[in-house]
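S.K.:
And the structure:
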């Protein structure tokens with residue numbers, strides 16, 4: 523597994539459907555080694571801390587395989603890394619294999635998988651199309667949020683090493699399936715809710731499906 527691109531961005535205000543919206547979804551690849559704190563990456567800042575950032579969602583990753591799949595779904599000329607708002611564009615970090623609680627090392631940084639991304643309307647802004655959030659919701663390639671366990675430094679090209687498999691035997695993809703089905707599989711829903719490290723925001727959404 524490998525970190526293909528390290529992407530950062532600052533909050534910016536854009537016009538969308540007649541309103542001014544502040545967002546940090548626009549990320550751009552950066553070269554060289556960057557410091558990673560417990561809350562973000564050097565040069566990166568989240569705009570809306572109600573839904574992004576914080577300890578449980580400090581870093582967001584999206585895989586090259588996801589890009590490949592999307593290229594078959596929608597017509598777009600350019601697909602720069604960082605397009606989906608991810609900090610880390612990875613190779614080989616499959617949502618169906620990454621378990622919640624799994625720990626990875628990139629450079630000197632230790633990160634732990636916490637949850638999938640929950641799609642919001644800002645994807646529409648980024649892609650300049652009003653149906654992108656709905657497409658993303660239904661396509662079920664959500665990417666992965668991580669908390670930072672040990673701060674350090676990393677750079678594009680670093681290997682991604684599995685340090686510890688998740689202790690709960692539930693993959694990020696299984697959480698996505700539970701979320702999009704609104705908890706249809708009640709047994710799986712309860713198993714997910716029983717995970718002690720499940721972030722509070724996602725827990726509240728899933729509890730509403732009981």
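Numbering (our numbering), first residue to last: 523 to 732.
We treat Cβ as the ideally placed atom computed from N, Cα and C, and that holds for glycine.
By how many angstroms is the C-alpha of residue 580 removed from the C-alpha of residue 649?
M.R.: Spanning the two alpha carbons is a distance of roughly 23 angstroms.
S.K.: Determine the direct distance from the alpha carbon of residue 717 to that of residue 610, and round the result to whole angstroms.
M.R.: Going from the Cα of residue 610 to the Cα of residue 717 covers about 25 angstroms.
S.K.: On the criterion of 16 or more Cβ atoms from any shown chain inside 10 Å, does residue 639 qualify as buried, or is it exposed?
M.R.: It is buried - the Cβ of residue 639 has at least 16 other Cβ atoms within 10 Å.
S.K.: Keeping to the same chain, check which residues put their C-beta closer than 8 angstroms to that of residue 660; ignore five residues upstream and five downstream.
M.R.: Cβ within range, chain order: 702.
S.K.: Do three or more CB pairs link the stretch 670-681 to the stretch 546-562 at distances below 8 angstroms?
M.R.: Touching, yes.
S.K.: Quick check on residue 568: does DSSP put it in helix, strand or coil?
M.R.: Three-state result, residue 568: coil.
S.K.: Give every residue of the same chain whose Cβ lies closer than 8 angstroms to the Cβ of residue 537, excluding the five residues on either side of it in the sequence, and list them in chain order.
M.R.: Counting only Cβ-Cβ distances below 8 angstroms, and skipping sequence neighbours, we find 543.
S.K.: With DSSP collapsed to three states, give me the class of residue 600.
M.R.: Three-state result, residue 600: coil.
S.K.: Check residue 728 in the structure and name its three-state DSSP category.
M.R.: Looking at residue 728 - three-state DSSP - the assignment turns out to be helix.
S.K.: What residue range does the beta strand (DSSP E) around residue 557 cover?
M.R.: Its beta strand (DSSP E) spans residues 556-558.
S.K.: In chain order, what residues of the same chain lie with their CB nearer than 6 angstroms to the CB of residue 627, ignoring the 5 residues before and after it?
M.R.: Contacts found: 683, 685.
S.K.: So, helix, strand or coil for residue 669, using DSSP?
M.R.: Three-state DSSP puts residue 669 in a strand.
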